[in-house]
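Novice: Right, I'll just put the structure down here and ask away after.
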Ligand code: FUC
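Numbering (my numbering), first residue to last: 40 to 817.
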């Protein structure tokens, strides 16, 4: 499939600002140059390529390079104290409950608030930096640096004197190595070094450059990175702890790295990968890399009708910030989200963390961990609709991996069956509660993660996946079946204590509180989990007795209610929020990513959801990248394409760095993924009882097309439009399909003149259907 007509390159006329890596601890904000550098990755090995002319810096990551260790942080008295805390909340003694909460019920302090990489909670850290120091006399000219999303290659070309130089960097999934290819028109000489801010030593071993070390923790993750240089001409020699390359016109650096996190014999694994890759040579590696990447990336095409490959990306971004229209950049940002997911999450890797795969320092922002009160979930919103199901596998594995410690947390902390987790997790299985009332007590995080398990089934229909996921979903439901209790006023089943992530509310008598009971988001998430479990029991034909119990409890959850401003209430009472612009808009979970609220079946709640958005936005909300991205998805679900696009543009204008990374600030990748997911929501929706094509089409996207988007129920959809009118839709059934399809304007099957806005679909597996709109007025 050709990708013509769409922008698929980020490019620049200058290298990323060449900043030296700082020592440990200095990275919370990321160096300026680092967010100009360009990312490549294969899910496991990541690199940020600076493209320097005389000194190249390639900052490296390996997905399991985590400090810290497993730790039991559940409060051993939690279960015994729960009833008291709950009783105080039910009696309206919120301040008292909140003051006792950290001590009586909070998790043990292990630094899980994510600021100290030396704590047991740990942090995701840089692997180190690879430097290439070229012996070049004179200034570089005719410089160009780019990241080609279609080939997943970062490259730079320039000229010094009469020597033309081209370098390209790929991270190969099939070969599990990074490769740097260097070609020059005259012999080049350069030194190669590997460094890390702490805990490492670099030596030359049998001609390879080898960096080894161990980070803090008990016992602390051991790691190794190894560079092997293969030159077509010239020579390679050791010089202290560096390699020296002399007089080459063509050379390849093969780089592999691993830790003992998942492989006790990680050093053998590295040697094996390097040996195979180097033996086959760069061009064979590149061929395998392209085949692998194209298989995923080329499944989806988005063309918004305009492209501008002549203007550098930083200049385009600046123009958009100043109000210019650049539809090509809007399409590019969408595809960049898909690119970044392919690069940071592949079968066998850990899921994309707060920074995907790319982290510069030792004390990384929020430990670059897995926050699960929005961030990790947002990272995967685009996986199913944009045809990257494989890339979601690390998340599925990760959720399962939380169950053993989450079961302990449920038992120790709550005396409950099943499993749960709270607002932050890490690859060491951290699931305990925190001690801060506004964010530490979010036991609905486990249930929220389970949404990805059932949604994957809704999209793919994979029974094997569902059978595997069902025990995890059931365990999450069992926790809630134990934890929910009738509230004293209405008898609804509610969680207590309960929070609306990170937000606090004003108490009628003065002061504020972060906990309550039956917070709206929690109820929505638990309702969604129960629905998912019921659906899974039916689909698998098992556990019918349990299903009935779940159904019975589902009916007793509190209804969503509308408050004094006409807003959907965030808490069980109509409280005012302490921070009206709060970045978490948790109670709209039911609108997105849940599906309880929509303009057709629940118009009043949809209106109340809009009031929430208006109130947040009029107080300055949407100020973090991920929050803005969520707002894009909300408006798309409300069917308001123009407002959705306005916020998509705000994401580009206010929360996007020069390499198009999302900025919280600092860099945080969730906004990239959430923004791309928002575009998919504007183009196609399938969360109700029908497939809706162009459900939230912005007027500014006058003409265009997409190919390859996926829906729940198993359809692949291609569509094109002109003057805002849908012109053609092609459907491919990826399994037997039975649904309705709804168009924004009348469409007819094939060449039929019988045009309607809605059709009933029954398609056999692999069947194709084509709908056409009325003849174009042009
Ligand atoms: C959530 C958010 C913060 C930040 C952090 C990593 O808890 O509230 O804004 O994104 O995760």
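Don't be surprised by glycine CBs; every beta carbon is placed ideally from N, CA and C.
How about residue 541: is its Cβ closer than 7 Å to a heavy atom in the ligand FUC?
Specialist: Yes, the ligand FUC has a heavy atom inside 7 Å of this Cβ.
Novice: Would you call the CB atoms of residue 468 and residue 148 closer than 8 Å?
Specialist: No, the Cβ-Cβ distance between residue 468 and residue 148 is not below 8 Å.
Novice: The ligand FUC and residue 163: does the residue's C-beta get closer than 7 Å to at least one heavy atom of that ligand?
Specialist: Not under cutoff, so the answer is no.
Novice: DSSP state of residue 672, grouped into three classes?
Specialist: Residue 672 falls in the helix class under three-state DSSP.
Novice: Determine the direct distance from the alpha carbon of residue 581 to that of residue 727, and round the result to whole angstroms.
Specialist: Each residue's alpha carbon lies about 25 Å from the other.
Novice: Please classify residue 360: is it buried, with 16 or more other beta-carbons within 10 angstroms of its beta-carbon, or exposed?
Specialist: With fewer than 16 other Cβ atoms within 10 Å, it is exposed.
Novice: Would a C-beta distance cut-off of 8 Å place residue 260 and residue 249 closer than the cut-off?
Specialist: Cβ atoms of residue 260 and residue 249: not closer than 8 Å.
Novice: Sorry if obvious, but does the Cβ on residue 490 come closer than 7 Å to a heavy atom of the ligand FUC?
Specialist: Answer for residue 490: no, Cβ out of range of the ligand FUC.
Novice: Under 8 Å between the Cβ atoms of residue 333 and residue 213?
Specialist: For residue 333 and residue 213, no; Cβs fall outside 8 Å.
Novice: I'd like to check one pair, residue 168 with residue 94: are the Cβ atoms closer than 8 Å?
Specialist: No.
Novice: For residue 594, count the other beta carbons within 10 Å of its own beta carbon; 16 or more makes it buried, fewer makes it exposed. Which is it?
Specialist: Looking at its Cβ environment, which holds fewer than 16 other Cβ atoms inside 10 Å, residue 594 is exposed.
Novice: Buried or exposed: residue 224, going by 16 or more other Cβ atoms within 10 Å of its Cβ?
Specialist: With fewer than 16 other Cβ atoms within 10 Å, it is exposed.
Novice: Leaving out five residues before and five after residue 609 in sequence, what residues of the same chain have Cβ atoms less than 6 Å from its Cβ?
Specialist: 539, 559 and 626, listed in sequence order.
Novice: Rounded to the nearest angstrom, what separates residue 677 and residue 90 at their Cα positions?
Specialist: Using only the alpha carbons, I get a separation of about 43 Å.
Novice: Decide yes or no for the touch test of the stretch 184 to 192 against the stretch 266 to 278: beta carbon pairs closer than 8 Å, at least 3 of them.
Specialist: Cβ pair count under 8 Å is below three, so no.
Novice: Using the DSSP secondary-structure output, state which residues sit across from residue 211 in a beta bridge.
Specialist: DSSP lists 216 as partners of residue 211.
Novice: What is the rounded straight-line gap between the Cα of residue 440 and the Cα of residue 607?
Specialist: Between residue 440 and residue 607, the C-alpha separation is close to 35 Å.
Novice: If you draw a straight line from the alpha carbon of residue 153 to that of residue 363, how long is it in whole angstroms?
Specialist: With a pLDDT of only 49 at residue 153, under the threshold of 50, the placement of this residue in the model should not be trusted; the figure read from the coordinates follows. So the two alpha carbons sit approximately 39 Å from each other.
Novice: Can you give me the C-alpha to C-alpha distance between residue 520 and residue 482, rounded to a whole angstrom?
Specialist: Near 13 Å, if we compare the C-alpha coordinates of residue 482 and residue 520.
Novice: May I ask you to report which of helix, strand or coil DSSP gives residue 363?
Specialist: Reduced to three states, the DSSP call for residue 363 is coil.
Novice: Just to confirm my understanding: we take residue 563, look at its own chain, exclude 5 residues before and 5 after, and list those with CB closer than 7 Å. What are they?
Specialist: Hits under 7 Å: 628, 629, 633 and 635.
Novice: Between residue 708 and residue 513, what straight-line distance do the alpha-carbon atoms span, to the nearest angstrom?
Specialist: Distance between the alpha carbons of residue 708 and residue 513: 31 Å.
Novice: Could you check whether residue 470 and residue 445 sit closer than 8 Å to each other, using their CB atoms as the reference points?
Specialist: Yes; because the gap between Cβ atoms is below 8 Å, this pair is in contact.
Novice: Answer with buried or exposed for residue 802, where buried requires no fewer than 16 other C-beta atoms within 10 angstroms of its C-beta.
Specialist: Under this definition residue 802 is a buried residue.
Novice: Could you tell me whether the stretch 722 to 736 touches the stretch 383 to 397, using the rule of 3 or more Cβ pairs below 8 Å?
Specialist: Short answer: they don't touch.
Novice: Taking the beta carbon of residue 122 as the centre, do at least 16 other beta carbons fall within 10 Å, making it buried, or is it exposed?
Specialist: Residue 122 is exposed by the Cβ-count criterion.
Novice: Can you check DSSP and say which residues form a bridge with residue 724?
Specialist: Partner(s): 731.
Novice: Taking 7 Å as the cut-off, does the CB of residue 623 come closer than this to any heavy atom belonging to the ligand FUC?
Specialist: Yes.
Novice: Check whether the Cβ of residue 627 sits closer than 7 Å to any heavy atom of the ligand FUC, and report yes or no.
Specialist: For the ligand FUC, not one heavy atom lies less than 7 Å from the Cβ of residue 627.
Novice: Report whether the distance from the Cβ of residue 328 to the nearest heavy atom of the ligand FUC is below 7 Å.
Specialist: Not so, every heavy atom of the ligand FUC lies at least 7 Å from the Cβ.
Novice: Compute the minimum distance between the beta carbon of residue 663 and the heavy atoms of the ligand FUC, and state whether it is under 7 Å.
Specialist: The answer is yes for residue 663.
Novice: Helix, strand or coil: which one does DSSP assign to residue 157?
Specialist: Coil, per DSSP.
Novice: At a cut-off of 7 Å, is residue 381 close to the ligand FUC when judged by its beta-carbon and the heavy atoms of the ligand?
Specialist: It does not: the Cβ of residue 381 is nowhere closer than 7 Å to a heavy atom of the ligand FUC.
Novice: So that I know if they touch, is there some Cβ in chain B lying closer than 8 Å to that of residue 792?
Specialist: In summary, chain B is missing from the structure at hand, where a single protein chain is found.
Novice: Report yes if the CB atom of residue 541 is closer than 8 Å to the CB atom of residue 477, and no otherwise.
Specialist: A contact, by the Cβ cut-off of 8 Å.
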